[in-house]
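Here's the structure, in structure tokens; my notes come after.
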Amino acid sequence: MFKFYMVEDEASLLSLFGRGASEASLRTSEGGISAEATVTLPCDEELENEVRRLARVCASTTESVADRLSALRVINRWIDMMGEESFLHNISRMVSHISGTLSVCAAEKRSAVCRQACNVMVSIARRTPARLYHDGSLKVALSRWCSVLVRGVFVTVSAIAQATDVALRALVIGSGGNAAALKSIIEGLESGTHPELRRKCLGYLVVGVVASGGEVCSSRSRLATVSSKYMETGDTACRKTARALYIALVYFTGVSNVVVSKKSESLIHQEEIELKGVLHDVEAVERMIFGASVEKQSSVFCGAQAGSVRRSSSTNASSTTTEAKQDFITSVTTDIYDTSAILGGA
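Using the working numbering, the final residue of the sequence shown is 1045, and nothing's skipped along the way.
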């Protein structure tokens, strides 16, 4: 039972069920799902029905784990294969059928199922314009997914913690720091007790504020309260990340009515000089807040290895500028914001 709980990849999971890789590659379920078969994208007229069918397989308690993984993988492949026009036309309807399914699968204790569900979320986040999250099924799904993912970012199974962290960051950035996502994260922050969970939630909020270009600051009263609270609460890492949130809020709104202690005010003055230099670039801010884990954890998903989630930063900067920015980010990451080595600090 322990081996079953700790398994981290599909091949190992299949072996626990007594199926070899060659058998799995040839096996087709009653619903027509093959783990390794060539995936063909249905036409637009059939796509919604096919997605609905696969969603039922993924969520079913009577289907085998192998079939559920295969169904998730096929959905992910379809999302990646769709042309831009077809994707924009169909994604809201697709999400209306898979939203609940992905929530259930992302909350799984089987890491293989959780990771594959997170992989689908990353694929959706990479392709969906931020404007589509403002209402409808995508807004509902975003809130639901973020609530589930926050509960997974600090668990004992590292594969689940890494997968949910990557998916959550992808959704926050892909949605342009949508208020529905940040609301779910704040709820997770305030209900959590572990310092690392709190630090990560504060980091997601910083990234969300930057991804929105400050637009989410219309609800800044709650964000400001959160930053003020955690600047004075918790360990060193939490307080530093809370100060980063405060700096981002002030950067985009110009003023703040939050009262901070003299000690925090002094540290803010020191840190804002470095942080303000990258607040126009969500990718740089993400690396600064989360450090080396941005590159390392991105490799968790085979479907997301080809590129990072959609960013708002320009890709036309010269190589000289890029190298200089990287040197700057590296120095800040190891100095101020990459706090993994001091999580137990005062």
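Positions of the beta carbon are idealized from the N, C-alpha and C atoms, including for glycine.
{"Asked": "Neighbour-count burial assignment, Gln815, 16 or more Cβ in a 10 Å radius", "Found": "buried"}
{"Asked": "DSSP-derived helix/strand/coil call for Gly976", "Found": "helix"}
{"Asked": "Close-in-space but distant-in-sequence residues of the same chain around Lys975 (CB under 8 Å, 5 per side omitted)", "Found": "Ile946 and Tyr950"}
{"Asked": "N- and C-terminal bounds of the alpha helix (DSSP H) containing Met987", "Found": "Val981 to Phe989"}
{"Asked": "Check whether Val819 and Asn775 have beta carbons under 8 Å apart", "Found": "yes"}
{"Asked": "Proximity to Val909 [Cα-Cα], best of Ser785, Ser874, Cys804 and Ser965", "Found": "Ser874"}
{"Asked": "Delimiting residues of the alpha helix (DSSP H) encompassing Gly907", "Found": "Pro894 to Ala910"}
{"Asked": "Rounded C-alpha distance that separates Gly913 from Thr952", "Found": "7 Å"}
{"Asked": "Coarse secondary structure for Asp1034, derived from DSSP in three states", "Found": "Note on Asp1034: pLDDT 43, under 50, position unreliable in the model; the coordinate value appears next. Asp1034: helix per DSSP, three-state reduction."}
{"Asked": "CA-to-CA distance, Gln969 to Gly799, given in whole angstroms", "Found": "45 Å"}
{"Asked": "Nearest candidate by alpha-carbon position, reference Val803, set Leu922, Val984, Thr863 and Cys757", "Found": "Cys757"}
{"Asked": "Delimiting residues of the alpha helix (DSSP H) encompassing Lys776", "Found": "Lys is not the amino acid found at residue 776; the sequence shown has Arg there. Per DSSP, Arg776 belongs to the alpha helix (DSSP H) from Val764 to Met780."}
{"Asked": "Distance between Leu746 and Lys939 (C-alpha atoms, nearest Å)", "Found": "47 Å"}
{"Asked": "Reduced DSSP secondary structure (H/G/I, E/B, other) of Glu931", "Found": "coil"}
{"Asked": "Alpha carbon of Val794 to alpha carbon of Leu771, nearest angstrom", "Found": "13 Å"}
{"Asked": "Residues near His796 in its chain [Cβ-Cβ closer than 8 Å; skip 5 each side]", "Found": "Glu747, Val750, Arg751 and Ala754"}
{"Asked": "Local Cβ density within 10 Å of Ile972, reported as buried at 16 or more and exposed below that", "Found": "exposed"}
{"Asked": "Distance cut-off 7 Å: Gly891 Cβ against heavy atoms of the ligand ATP", "Found": "Ligands displayed in this structure: none; no statement on the ligand ATP is therefore possible."}
{"Asked": "C-alpha distance - Ala862 paired with Cys817, whole-angstrom precision", "Found": "6 Å"}
{"Asked": "Range of the contiguous alpha helix (DSSP H) that encloses Cys845", "Found": "Gly835 to Val849"}
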